[in-house]
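Structure record follows, encoded as structure tokens.
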Amino acid sequence: MPASFLIIGAGVIGLTTALELRARYPAACIAIAAKYLPGDSAPEYASAWGGANWFPASRDNGKQEQWDAITYRKFQHISATRPEAGVILMNIRAYYEKAIDEVGIKTEATGKIWFDELVGGLSEIPDQELPEGTVFGFEFASFVIDVQRYLPW
């Protein structure tokens, strides 16, 4: 008997989860339960109005980092093979008002920013380019999702 999955929500996360499950379990029954679906324009349906990008907040040295890595690789594949989907490779900058060891972005178990290798490296932003009031920053390859294109796709 094939596996069955129920996904709650039809926003960027729910639909991307469905795509990943379909790729991993082609024979599975995948159902999506949601109040709103792509094409709906209700103000409560945040995905239809918001934007999305990939910027991980996980630092557990475990499942959350693994999930974020799966999502990054999925967006990487979609952006390279399906440009009509609206997943666009773009550098993202992060700025911080405290030193790197004080802001809680490193994984405690490793003392590193876990996604450094995944994204092809982090580029430190030179001091002269930092906005006033910030102490450090970095830039890395990420993805921006045009939800008006992605959700219907």
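When we follow numbering that gives the first Met the number 0, the leftmost residue of the sequence shown carries the number 0, and every step to the right adds one.
Ideal Cβ positions, reconstructed from N, Cα and C, are used throughout, including at glycine.
**Asked** Is R92 helix, strand or coil by DSSP?
**Response** On the sequence shown, position 93 is the one that residue 92 refers to. Reduced to three states, the DSSP call for R92 is strand.
**Asked** What did DSSP end up calling V134 once you bin it into helix, strand or coil?
**Response** Walking along the sequence shown from the start, residue 134 turns up at place 135. Reduced to three states, the DSSP call for V134 is coil.
**Request:** Look up L5 in the DSSP assignment and say whether it is helix, strand or coil.
**Result:** Residue 5 sits at position 6 when you count from the first residue of the sequence shown. L5: strand per DSSP, three-state reduction.
**Prompt:** If you run the structure through DSSP and keep just helix, strand and coil, what is T70?
**Reply:** Stepping through the sequence shown from its first residue, residue 70 is reached at position 71. In this structure, DSSP gives T70 a helical state, which the three-state scheme calls helix.
**Request:** Would you mind sorting T109 into buried or exposed? The rule is 16 or more other CB atoms within 10 Å of its CB.
**Result:** By 1-based counting over the sequence shown, the position of residue 109 is 110. Exposed is the label assigned to T109, since fewer than 16 other Cβ atoms lie within 10 Å of its Cβ.
**Message:** Quick check: the Cα distance between Y149 and M89, rounded to an integer number of angstroms?
**Reply:** Here residue 149 is taken as the residue at index 150 of the sequence shown, counted from 1. Here residue 89 is taken as the residue at index 90 of the sequence shown, counted from 1. Their Cα atoms are separated by approximately 16 Å.
**Prompt:** Got a sec? Which residues, its chain only, sit under 7 Å from L117 by beta carbon, not counting five neighbours each side?
**Reply:** Against the sequence shown, residue 117 aligns to sequence position 118. Sequence-distant partners of L117 (beyond 5 residues in either direction) whose C-beta falls short of 7 Å from its own C-beta, in its chain, are A68 and Y71.
**Message:** For a test of the three-state rule: what should DSSP assign to S153, helix, strand or coil?
**Reply:** Since the first residue of the chain shown is 0 and the last is 152, residue 153 is not available in this structure.
**Asked** Among the residues of its own chain, which have a CB less than 7 Å from the CB of F74, if the five just before and after it don't count?
**Response** As a first step, residue 74 is located in the sequence shown; it is residue number 75 there, counting from the start. Take F74, set aside five residues on each side of it, and the residues of its chain with a beta-carbon closer than 7 Å to its own are W53, V86 and F142, in chain order.
**Message:** Short of 7 Å in beta carbon distance, which residues of its chain neighbour E57, apart from the five on each side in sequence? Order them along the chain.
**Reply:** Residue 57 sits at position 58 when you count from the first residue of the sequence shown. Sequence check: residue 57 is Ser here, not Glu. Same-chain partners within the cutoff: Q63, E64 and D67.
**Request:** State the Cα-Cα distance for the pair E19 and L36, rounded to the nearest angstrom.
**Result:** Along the sequence shown, read from residue 1 onward, the residue named residue 19 stands at position 20. Along the sequence shown, read from residue 1 onward, the residue named residue 36 stands at position 37. So the alpha carbons of these two residues sit roughly 18 Å apart.
**Request:** Assign A98 to one of three DSSP states: helix, strand, or coil.
**Result:** Along the sequence shown, one-based indexing puts residue 98 at 99. Looking at A98 - three-state DSSP - the assignment turns out to be coil, as it is neither helix nor strand.
**Item:** Reduced DSSP category for E19 - H, G, I as helix; E, B as strand; rest coil
**Value:** For the purposes of this step, residue 19 is taken as residue 20 along the sequence shown, with counting starting at 1. Note: E19 maps to helix in three-state DSSP.
**Message:** Just to confirm my understanding: we take G119, look at its own chain, exclude 5 residues before and 5 after, and list those with CB closer than 8 Å. What are they?
**Reply:** Residue mapping note: residue 119 aligns to position 120 of the sequence shown, counting from 1. Excluding positions up to five away in sequence, the list reads F139 and A140.
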